[in-house]
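Here is the structure we will look at.
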Amino acid sequence: MQRRRSLAVDVGGVRVGGDAPVVVQSMTNTDTADIPETIEQVHQLAAAGSELVRITVNNKEAARAVPAIVEGLEKRGVNVPLIGDFHYNGHVLLTEFPECARLLAKYRINPGNTGTRTRDRNFVTIIEQAIKWDKPVRIGVNWGSLDQQLLAERMDANNDLPEPKSAKEVMMDTMIESAMRSTALAEEVGLPAEKIIVSCKLSGVQDLIEAYTRLGELCEYPLHLGLTEAGMGNKGVVASTAALSILLQQGVGDTIRVSLTPMPNGDRAEEVRVSQQILQSLGIRNFIPQVAACPGCGRTKSTYFQELADEIHNYIVKMMPVWREVYPGVEDMNVAVMGCVVNGPGESKHANIGISLPGTFEEPKAPVYIDGEHHSTLTGDNIGETFRKMLDDYVVTNYGKKREPVQ
Ligand code: SF4
0 MQRRRSLAVD VGGVRVGGDA PVVVQSMTNT DTADIPETIE QVHQLAAAGS ELVRITVNNK
60 EAARAVPAIV EGLEKRGVNV PLIGDFHYNG HVLLTEFPEC ARLLAKYRIN PGNTGTRTRD
120 RNFVTIIEQA IKWDKPVRIG VNWGSLDQQL LAERMDANND LPEPKSAKEV MMDTMIESAM
180 RSTALAEEVG LPAEKIIVSC KLSGVQDLIE AYTRLGELCE YPLHLGLTEA GMGNKGVVAS
240 TAALSILLQQ GVGDTIRVSL TPMPNGDRAE EVRVSQQILQ SLGIRNFIPQ VAACPGCGRT
300 KSTYFQELAD EIHNYIVKMM PVWREVYPGV EDMNVAVMGC VVNGPGESKH ANIGISLPGT
360 FEEPKAPVYI DGEHHSTLTG DNIGETFRKM LDDYVVTNYG KKREPVQ
């Protein structure tokens, strides 16, 4: 797949755009002023694989907390770049709290509440701070906070046309205009193009695809993709996947964030895992070995293959922090756990290592395939445990660091 050409932007040592891999990022939902909680959640997001983490910097307490958060993360050995999310008062906070401005790796600015027309001065102040501290910015337009003055002007002008566009078309045009107008202003003030990332988020899948397709044709800035307010549970996952996959398949998108609404006390890191799974399912980047499992059907009444597939998946998730370091390349591994002989052996042969469990009325035997060849057949009560050990051996044998030859 051909990537859209984009400039490369360095965000605290992580490259976004150019020929860099599509970067996974996320955002905390803690009160940034709550330093221990914020450190803990940034750590969790980074441990799950978030390569950039954004925190809101919405008031003086939050801005004041940034140095302690950075220090706390350093003490834990977490060096993920932190992005500050600024809205109405970003110009004040970045000026009054220089350590906050210095320590953040990037500033996110929303032109709907910091820029254009009457508030241009505030927008310019943030850009000047970015120049002073040599930081990149994301100019992030969001339809929920689109510049109302600009929108009203464009709506009025549209009404005077002999054939007015629909309100939705005008809004889309205004979002794109707001993004492009703000990037032009930032460059005019002196921020290099290589310091600018752009986003234009909407909550409708088709709208998002249209907005980013147009943006991608209009500029060379790297694009941050995300469906805003994606929602809870399956709805959020499916809508984000649908929108981001189509754009990524067209080569559009240099960094992604999936904005899921977690359940109260839910796991915030789920949004990181969904982003990774989108990229991995599209064959763009691999993060974790994939476990193929059949959906089950009337040919097997046993739930054992489902339990084993779940167990193996959870085992891989648990081992990945170590495997990633010790066995580079293990993220490319494919594992199959199948329910009967109809598709079991075939799917297992396509995997690096696969097992086909017996269906109803089949012999109580579970053939294991390694690299496409029948390796052995497991029987008895410890099939799962034996298969897990075979998986360990496969990882050690195939992905272990090559030993230096003995002199
Ligand atoms: S592999 Fe067997 S049990 Fe699984 S879905 Fe196919 S036919 Fe059904």
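Just so you know, the sequence shown maps onto residues 0 to 406 in numbering that gives the first Met the number 0. Backbone N, C-alpha and C define an ideal beta-carbon position, used for all residues, glycine too.
Query	Result
Per DSSP, cross-strand counterpart(s) of F85	I108
Where N78 falls, given that 16 or more other Cβ within 10 Å makes a residue buried	exposed
Cβ-Cβ distance between V204 and A238 below 7 Å	yes
Nonlocal neighbours in the same chain, by C-beta distance under 7 Å from L214, ignoring five residues either side	I175, A178, V197, C199 and L222
Continuous beta strand (DSSP E) stretch holding V22: start and end	V22 to M26
Simplified DSSP assignment, three categories, for D159	coil
For G245, the three-state DSSP class (helix, strand or coil)	Note that residue 245 is Ile in the sequence shown here, rather than Gly. Three-state result, I245: helix.
Complete beta strand (DSSP E) runs within the stretch 258-308 (minimum length 3 residues, chain order)	289-292
Straight-line Cα distance separating D331 from P288	6 Å
Cβ-based burial, A100 [other Cβ within 10 Å; buried from 16]	buried
CB of G89 within 7 Å of CB of T55, strictly	no
DSSP beta-bridge partners of L222	V197
For R402, three-class secondary structure by DSSP	Note that R402 scores 44 on pLDDT, short of 50, meaning its location in the model is unreliable and no value can be drawn from it.
Continuous alpha helix (DSSP H) stretch holding V204: start and end	V204 to L217
Proximal residues to S412 (C-beta, below 6 Å), its chain only, five neighbours per side dropped	With the chain represented from 0 up to 406, any question about residue 412 goes unanswered, as that position is not in the structure.
Proximity below 7 Å, CB of A185 to CB of I126	yes
C-alpha gap between P80 and A104, whole angstroms	6 Å
Unbroken alpha helix (DSSP H) run spanning A61, endpoints	K59 to K74
DSSP-derived helix/strand/coil call for A335	strand
heavy atom of the ligand SF4 below 6 Å from R298 C-beta	yes
Heavy atom of the ligand SF4 within 6 Å of G345 beta-carbon	no
Where the beta strand (DSSP E) through L377 begins and ends	E372 to L377
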